[in-house]
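See structure below.
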Amino acid sequence: MMIEAPTSQILVDRQWNAPGMESGRAPGVSAGSTSQPTGVDSKAPDQADFLKQMARRLGADPTDSRAGTPEGLARLGAERMVSAALIEPLIREARESSAPTGMFAPGPGEKRFGHLFDRNIADSIAASPGFGGVVSIERKLLDRINLTLGIQESPSDARKPGPMEARS
3 MMIEAPTSQI LVDRQWNAPG MESGRAPGVS AGSTSQPTGV DSKAPDQADF LKQMARRLGA
63 DPTDSRAGTP EGLARLGAER MVSAALIEPL IREARESSAP TGMFAPGPGE KRFGHLFDRN
123 IADSIAASPG FGGVVSIERK LLDRINLTLG IQESPSDARK PGPMEARS
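In the numbering used here, the protein residues as written are 3 to 170.
Right under this line is the structure:
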């Protein structure tokens, strides 16, 4: 016997509601299942918990209050993406290329755990308020999250053009 997925999804109070689903449960999440192929626990009672689980999958702190909103998740995702794809490889390369020799050579602990230190520094740089590379990615991720959730921006929420967009 095949079970058909709900065809129409409705967003009420920024939580998913669709025919055949419990109120507030994310799409594709049933009360009886234990996990999804993505590794997200499907017993999440509402969208905020679902977003926090997605933040955990991004490697962010799920107790961070920002992880419970689409805007916060977009920020966390953008910070993690910039950190992992851009900053961390640069820091790792700088650390490895300047490795001293002799008495100041890296020990076994530094060789084994140096990548964790690189990740921590990269995350700190990406999370700093003055780092502009995260802002554009955050904006694009938020647009995608809102599109996925079916959230329409109201005219008052519409972005104002940035300095680069205003010139073109």
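Note that CB positions come from ideal geometry on N, CA and C, so glycine has one too.
As the structure is a prediction and not an experimental result, all values here were calculated from the model.
Q) Distance, Cα to Cα, leucine 151 vs threonine 71? A) In this structure, the straight-line span from the alpha carbon of leucine 151 to that of threonine 71 is close to 12 angstroms.
(Q) Just verifying my parser: in three-state terms, what is the DSSP assignment at leucine 151? (A) Reduced to three states, the DSSP call for leucine 151 is helix.
Q) For lysine 142, is the classification buried or exposed, using 16 other Cβ atoms within 10 angstroms of its Cβ as the cut-off for buried? A) Around the beta-carbon of lysine 142, fewer than 16 other beta-carbon atoms lie within 10 Å, marking it exposed.
Q.
Taking contact to mean 3 or more Cβ pairs, one atom from each stretch, closer than 8 angstroms, check whether the stretch 71-87 and the stretch 131-148 are in contact.
A. Result yes; three or more Cβ-Cβ pairs closer than 8 angstroms.
Q: Provide the residue span of the alpha helix (DSSP H) that contains phenylalanine 115, from first to last.
A: Under the DSSP assignment, phenylalanine 115 falls in the alpha helix (DSSP H) whose first and last residues are 110-129.
Q. Helix, strand or coil: which one does DSSP assign to serine 100?
A. The answer is coil: DSSP assigns serine 100 none of H, G, I, E or B.
Q | Burial state of arginine 114 (16 or more Cβ within 10 Å) | A | Burial call: exposed.
Q) Which value, in whole angstroms, describes the spacing of the CA atoms of glycine 109 and alanine 128? A) Approximately 28 angstroms, taken between the alpha carbons.
Q.
Starting from glutamine 74, trace the alpha helix (DSSP H) in both directions and tell me its first and last residue.
A. The sequence given here has glycine at residue 74, not glutamine. It spans 72-84 - the alpha helix (DSSP H) in which glycine 74 sits, taken as one unbroken run.
Q: Going by CA-CA distance only, name the one from Met56, Gln55, Glu90, Ala69 that's closest to leucine 118.
A: For the set Met56, Gln55, Glu90, Ala69, the Cα lying nearest the Cα of leucine 118 is the one of Glu90.
Q) Should arginine 68 and glycine 61 be called a contact, given that it needs their Cβ atoms to be closer than 7 angstroms? A) No, Cβ-Cβ distance for arginine 68 and glycine 61 is not below 7 angstroms.
Q | Cut-off 8 angstroms between Cβ atoms - residues of its own chain near alanine 107, not counting five sequence neighbours on either side | A | For alanine 107, where only same-chain residues beyond five positions count, the Cβ hits under 8 angstroms are Ala101.
(Q) Given this structure, state the Cα-to-Cα distance separating alanine 46 from aspartate 63, to the nearest angstrom. (A) Because alanine 46 sits at a pLDDT of 42, beneath the cut-off of 50, its placement in the model cannot be relied upon, and the point is left open.
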